[in-house]
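K.L.:
Handing you this structure, nothing more for now.
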């Protein structure tokens with residue numbers, strides 16, 4: 156049947172609100188992330204420390220079991236676990252979060268750039284911020300499920316078993332767990348998206364992310380040792396975040412010493428993390444475009 160009228164006609168149906176566009180991108184991105192068996196295995200493995208730390212809290216409040224184990228000072232054991240336990244839980248989960256992002260993050264933006272899908276996204280009523288927000292929400296949702304969500308559940312478990320006004324005496328703990336994990340997952344997710352946007356080959360993007368957070372830490376340690384300074388920690392993002400966690404928790408001890416040892420001033424730690432986020436956002440703003448000029 157011949158077509159005679161090829162004039163453009165604007166869409167006359169119902170338009171979805173803009174926030175729904177970001178949610179749709181996030182939903183499909185999450186589906187793509189968990190389509191990988193490796194990511195699924197890492198996610199399941201990341202849930203195991205929660206069970207271990209939950210068991211430790213339960214044992215510390217089980218008087219019958221403590222008597223069987225011949226623990227003579229259960230109150231001292233519980234007091235020692237309260238601050239340090241949650242700090243080390245954050246350390247463990249931050250490591251799993253990094254592994255998850257390293258394998259899931261590089262595959263979020265690069266395929267759209269390689270196959271020229273961005274013009275199709277942005278030709279619709281989707282802004283660049285909607286696209287970035289959707290991809291970022293997918294990573295944040297995955298990381299939240301293994302970081303601050305189980306962390307707050309552990310706080311609730313500890314408070315319910317301890318009783319006697321424990322929550323009133325430890326009001327800063329849930330705040331420290333929630334904010335502390337966000338200090339880690341937000342720059343990590345932004346850095347993963349920025350690396351994915353600039354490095355389109357997935358193995359190389361994963362290696363670049365490892366280089367930024369792992370090799371950067373080794374480089375900072377070399378600077379500290381060779382120049383007898385502590386300012387090499389500026390490239391050690393893991394220690395910057397741990398210093399912030401220690402500050403939020405009111406101090407953490409490891410074998411009788413402050414941990415991390417000799418940290419940078421607190422404002423410097425926060426500023427360094429903020430700069431990392433800003434650089435990642437600038438890199439994304441430069442690459443996420445409806446068209447690309449090839450010189």
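In our numbering, the protein residues as written are 156 to 450. A virtual CB, placed ideally from N, CA and C, is assigned to each residue, including glycine.
1. Within 10 angstroms of the Cβ of residue 270, are there 16 or more other Cβ atoms? Answer buried if so, exposed if not.
2. For the candidate residues 383, 381 and 389, whose alpha-carbon lies nearest to that of residue 369?
3. Is residue 344 near residue 181, with beta carbons less than 8 Å apart?
4. Quick check: what's the CA-CA separation for residue 260 versus residue 440?
5. Over what stretch of residues does the alpha helix (DSSP H) that includes residue 314 continue unbroken?
6. If you follow the alpha helix (DSSP H) that residue 201 is in, where does it begin and where does it stop?
7. Pick out the complete alpha helix (DSSP H) segments inside the segment 323 to 375, 4 residues or longer, and give them in chain order.
8. Sort 295, 420 and 323 by Cα distance to residue 347 and report the nearest one.
9. Does DSSP put residue 412 in a helix, in a strand, or in coil?
10. For the candidate residues 384, 311 and 357, whose alpha-carbon lies nearest to that of residue 267?
11. As a quick exercise: from 373, 399, 401 and 400, pick the residue whose alpha carbon is nearest that of residue 391.
12. Can you give the Cα-Cα distance for residue 433 and residue 312, rounded to whole angstroms?
13. Taking the CB atoms as reference points, tell me whether residue 364 and residue 377 lie closer together than 8 Å.
14. For residue 361, which residues of its own chain have a beta-carbon under 6 Å away from its beta-carbon, when the five flanking residues on both sides are left out?
15. Which same chain residues end up closer than 6 Å to residue 265 when comparing Cβ atoms and leaving out the 5 residues on each side of it in sequence?
16. Using the C-alpha atoms, what's the distance from residue 395 back to residue 422?
P.N.:
From the atom records:
1. Numbered from its first residue, the chain shown carries residue 270 at position 115. Under this definition residue 270 is an exposed residue.
2. Locating residue 369 in the chain shown gives position 214, counting from the first residue. Closest by alpha carbon: 389.
3. For the purposes of this step, residue 344 is taken as residue 189 along the chain shown, with counting starting at 1. For the purposes of this step, residue 181 is taken as residue 26 along the chain shown, with counting starting at 1. Result no, Cβ atoms of residue 344 and residue 181 do not sit closer than 8 Å.
4. Stepping through the chain shown from its first residue, residue 260 is reached at position 105. Stepping through the chain shown from its first residue, residue 440 is reached at position 285. Residue 260 and residue 440 have their C-alpha atoms roughly 17 Å apart.
5. The residue given as residue 314 occupies position 159 in the chain shown. Unbroken alpha helix (DSSP H) run through residue 314: 303 to 317.
6. Counting from one through the chain shown, the residue named residue 201 turns up at place 46. Counting along the chain, the alpha helix (DSSP H) containing residue 201 begins and ends at 192 to 215.
7. 327 to 353 and 357 to 365
8. As a working mapping, residue 347 is identified with position 192 in the chain shown. Of the listed residues, the one whose Cα sits closest to residue 347 is 295.
9. Start at 1 with the first residue of the chain shown, and residue 412 comes out as number 257. In the three-state reduction of the DSSP assignment, residue 412 falls in the strand class.
10. Working through the chain shown from its first residue, we reach residue 267 at position 112. Checked all of 384, 311 and 357; the closest Cα to residue 267 is 357.
11. For the purposes of this step, residue 391 is taken as the residue at position 236 of the chain shown. Checked all of 373, 399, 401 and 400; the closest Cα to residue 391 is 373.
12. As a working note, residue 433 is residue 278 in the chain shown. As a working note, residue 312 is residue 157 in the chain shown. If I take the Cα positions, the gap works out to 36 Å.
13. Counted from its first residue, the chain shown places residue 364 at position 209. Counted from its first residue, the chain shown places residue 377 at position 222. No; because the gap between Cβ atoms is not below 8 Å, this pair is not in contact.
14. In the chain shown, residue 361 corresponds to position 206, counting from 1. Closer than 6 Å at the Cβ level, and outside the excluded window around residue 361, lie 257 and 261.
15. Your numbering for residue 265 matches position 110 in the chain shown. The answer, listed in chain order, is 351 and 355.
16. Taking the chain shown and counting its residues from 1, the one referred to as residue 422 is at position 267. Taking the chain shown and counting its residues from 1, the one referred to as residue 395 is at position 240. About 11 Å.
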